[in-house]
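In the order they appear, the protein sequences are chains E and L. First residue of the first sequence? That's 1 in the UniProt record's numbering, and the numbers climb one at a time after it. First residue of the second sequence? That's 1 in the UniProt record's numbering, and the numbers climb one at a time after it. Think of the CB as a built atom: it goes at the ideal place given N, C-alpha and C, for glycine as much as any other residue. Every value quoted in this text rests on a predicted model; they were computed, and no experiment measured them. Report on the following structure.
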Amino acid sequence: MAAKRKSPVKSRNPDLIRGVGKYSRSKMYHKRGLWAIKAKKGGVLPRHDPIPKAPAAAEKSPKFYPADDVKRALLNKRKPKPTKLRASITPGTVLILLAGRFMGKRVVFLKQLTSGLLLVTGPFKINGVPLRQVNQSYVIATSTKVDISEVNVDKFDDKYFAKEVEKKKKNGEGEFFEAEKEDKKTLPDDKKEDQKAVDASLIKSIEGVPDLKAYLVARFSLKSGMKPHELVF
Amino acid sequence: MPFKRYVEIGRVALVNYGKDYGKLVVIVDVVDQNRALVDAPDMVRSQMNFKRLTLTDIKIDINRVPKKKTLIDAMEKADVKNKWESSSWGRKLIVQKRRASLNDFDRFKLMLAKIKRAGIVRQELAKLKKETAA
Numbered sequence: 001m002a003a004k005r006k007s008p009v010k011s012r013n014p015d016l017i018r019g020v021g022k023y024s025r026s027k028m029y030h031k032r033g034l035w036a037i038k039a040k041k042g043g044v045l046p047r048h049d050p051i052p053k054a055p056a057a058a059e060k061s062p063k064f065y066p067a068d069d070v071k072r073a074l075l076n077k078r079k080p081k082p083t084k085l086r087a088s089i090t091p092g093t094v095l096i097l098l099a100g101r102f103m104g105k106r107v108v109f110l111k112q113l114t115s116g117l118l119l120v121t122g123p124f125k126i127n128g129v130p131l132r133q134v135n136q137s138y139v140i141a142t143s144t145k146v147d148i149s150e151v152n153v154d155k156f157d158d159k160y161f162a163k164e165v166e167k168k169k170k171n172g173e174g175e176f177f178e179a180e181k182e183d184k185k186t187l188p189d190d191k192k193e194d195q196k197a198v199d200a201s202l203i204k205s206i207e208g209v210p211d212l213k214a215y216l217v218a219r220f221s222l223k224s225g226m227k228p229h230e231l232v233f
Numbered sequence: 001m002p003f004k005r006y007v008e009i010g011r012v013a014l015v016n017y018g019k020d021y022g023k024l025v026v027i028v029d030v031v032d033q034n035r036a037l038v039d040a041p042d043m044v045r046s047q048m049n050f051k052r053l054t055l056t057d058i059k060i061d062i063n064r065v066p067k068k069k070t071l072i073d074a075m076e077k078a079d080v081k082n083k084w085e086s087s088s089w090g091r092k093l094i095v096q097k098r099r100a101s102l103n104d105f106d107r108f109k110l111m112l113a114k115i116k117r118a119g120i121v122r123q124e125l126a127k128l129k130k131e132t133a134a
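The following block contains the structure:
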C-alpha cells in the first residue's frame, strides 16, 4: 500500500462549476507528477500484486431448499433511549402518586433508574410508602424540594426490584383438594435495612422544615372548587 | 343614579380583556365613541375599546396625549401605584393573585393555619358563651 499521507489531500483540480474541473486529463497527469513516478520506476507505473486471499472453505450444498422464497427480516439498528425526565422532577422533589395502592400519597423522589422508572420512597416511617419504582406518567411533580444530599442511592437499580422467580411445583391430584398452605411472603431483612438506611438522613432533613412531615403524612385529594388546570403544584 | 367615574383624560382604568389583562392604564385621549387612546409606563401607547376597560376612582392630572416621561412623572406625583394597592379593589386583586400562585405545600400550610385560627375563635366563643350563661 502507498505510504499514508499526514493530512488529507485537497483535490489539485479546482471546480469551475460542480462537475467541471479546471484542468484536463492530460494537464492533471502532469500536475500529479505521474510522469516523475514513471521515470523513477523505470518507465512503468509501479504495480502491486493483489494480496492473495485465503482460500474459502469449500461450501457444502444445502440439504434443503424451501419451495417458496423465504423473506429476510429487515434489519433494525434502533437503540431505545432512556425515558426523558421532566424538568420539574429533580432528586429530592416531592411527588404526588396518582395511581395504585399509594394513590394520593406525597413521596420523595430519589433518582431515575436505567429502565426510566422513578425510584421513590415515602419515607416509609412517615407515610408507609417503601422504596418503590413508579412511572413518570403517574406522578404530579410539586415544586417542593427536600434536601437529599446525604442519601446514597447508588445500590438501587432495576434488578433490585425484579420479582423473584418461583419454581413451579407439580401438584398431584390428591393435593389439589388440600388447602394449599402458602407461606406469607415476608420482606427479606436486608431490604428492610436498605429502607432504614435511606430514610434515616431523609427524615432528618424533612423534620428540619416546619410542617413538611405532616404534609407527607397527608394524602392529596381534589376538593370542591379546585381546578387542576389552574392549580400551581 | 348619576355616574361617578367618567371617561376623561387622565382617568386610570383597569384592562379586563385581552393581551394586557389586569394592567392599570391611563386614558390619554378619546378616539371616538367607542375607543380610547391608552398608555401605561410599561406599554406602547395604543387604542383600546372602552369595553375592554373598567374605570377606577383614580385620576391623574395630564394634558391630552402627554409624552411618556411626562406621563410617568404625573403618575408618580399622583401616587397611582400606592393608591391602587391600598384601595379595597386593588387589595382584592393582589390577594387573588397570591392565592392562585400558591404551591401544593403552601395550600397545606394554609389549611393548617385556618384550622388553628378556627380553633382559637371557637375557644373564645365558648368562653364568651360561658360568661353570658353564668
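- Put simply, the CB of L112 (chain L) is near chain E, with a gap under 9 angstroms to one of its CB atoms.
- Here A13 (chain L) is bridged, per DSSP, to L:V25 and L:L55.
- A distance of 9 angstroms or more separates the beta carbons of V129 (chain E) and K159 (chain E).
- Excluding sequence positions up to five before and after L231 (chain E), its CB lies less than 6 angstroms from no other CB in the same chain.
- Taking C-beta atoms as the reference points, F108 (chain L) and A218 (chain E) count as a pair closer than 9 angstroms.
- For the segment 96-112 of chain L, the set of positions with a beta-carbon nearer than 8 angstroms to some beta-carbon of chain E reads A100, S101, L102, N103, D104, F105, F108, K109 and L112 in chain order.
- Sixteen is the threshold: when 16 or more other Cβ atoms of the shown chains lie within 10 Å of the Cβ of P66 (chain L), as they do, the residue is buried.
- Chain L has no Cβ within less than 9 angstroms of the Cβ of I17 (chain E).
- Contact between Y17 (chain L) and R52 (chain L) holds, since their C-beta atoms are separated by about 5 angstroms, short of 8 angstroms.
- Judged by their CB atoms, K196 (chain E) and I126 (chain E) are not nearer to each other than the 9 angstroms cut-off.
- For I126 (chain E), the enclosing alpha helix (DSSP H) begins and ends at F124 to N127.
- Note that the C-beta distance between V31 (chain L) and L71 (chain L) is not below 9 angstroms.
- In this structure, the beta-carbon distance from G116 (chain E) to T83 (chain E) falls below 9 angstroms.
- Against A218 (chain E), the close residues of chain L are F108, in the order they occur along the chain (beta-carbon pairs closer than 7 angstroms).
- Around the CB of L75 (chain E), fewer than 16 other CB atoms lie within 10 Å, so the residue is classed as exposed.
- Among the residues of chain L, those whose CB is under 9 angstroms from the CB of D211 (chain E) are F105, F108, K109 and L112, following chain order.
- Cβ contact annotation for W84 (chain L) (same chain, cutoff 8 angstroms, sequence separation greater than five): V12, L24, T56, I58 and G90, in chain order.
- Between N13 (chain E) and K38 (chain E), the C-beta gap is not smaller than 9 angstroms, which leaves the two residues out of contact.
- L202 (chain E) places its beta carbon less than 9 angstroms from that of E150 (chain E).
- For the C-beta of T142 (chain E), the chain L residues within less than 8 angstroms are, from N- to C-terminus, N103, D104 and F105.
- Secondary structure of I51 (chain E) (DSSP, three-state): coil.
- At a cut-off of 9 angstroms between beta-carbon atoms, I203 (chain E) makes no contact with chain L.
- Restricting attention to E:Y215, E:S224, E:H229 and E:M226, the CA atom closest to the CA of I96 (chain E) is found in E:Y215.
- Of the candidates E:G100, E:T114 and E:L119, the residue whose Cα lies closest to the Cα of V108 (chain E) is E:L119.
- DSSP lists no beta-bridge partner residue for D61 (chain L).
- Between the beta-carbon of P123 (chain E) and that of D199 (chain E) there is about 4 angstroms, and that keeps the pair under the 8 angstroms contact cut.
- Interface flag for Y138 (chain E) against chain L is unset, since no Cβ pair is found closer than 9 angstroms.
- Here the C-alpha atom of N103 (chain L) lies approximately 18 angstroms from the C-alpha atom of P91 (chain E).
- Apart from sequence neighbours up to five positions away, the residues of its chain that approach L131 (chain E) with a beta-carbon distance below 6 angstroms are T121 and Q195, ordered along the chain.
- I89 (chain E) is outside the set of residues whose beta carbon lies under 9 angstroms from a beta carbon in chain L.
- Cα atoms of K129 (chain L) and S88 (chain L): separation of roughly 33 angstroms, rounded to the nearest angstrom.
- Separation of the CB atoms of K22 (chain E) and L16 (chain E) is rounded to 6 angstroms, and the pair is thereby assigned contact status at 8 angstroms.
- Partner residues in the beta bridge of I96 (chain E), as assigned by DSSP, are E:R106 and E:I140.
- Across the structure, K81 (chain L) and M1 (chain L) are spaced so that their CA atoms are roughly 29 angstroms apart.
- Taking a Cβ-Cβ threshold of 9 angstroms, the residues of chain L close to E230 (chain E) are A100, in chain order.
- By the rule that beta-carbons nearer than 9 angstroms mark a contact, F233 (chain E) touches chain L.
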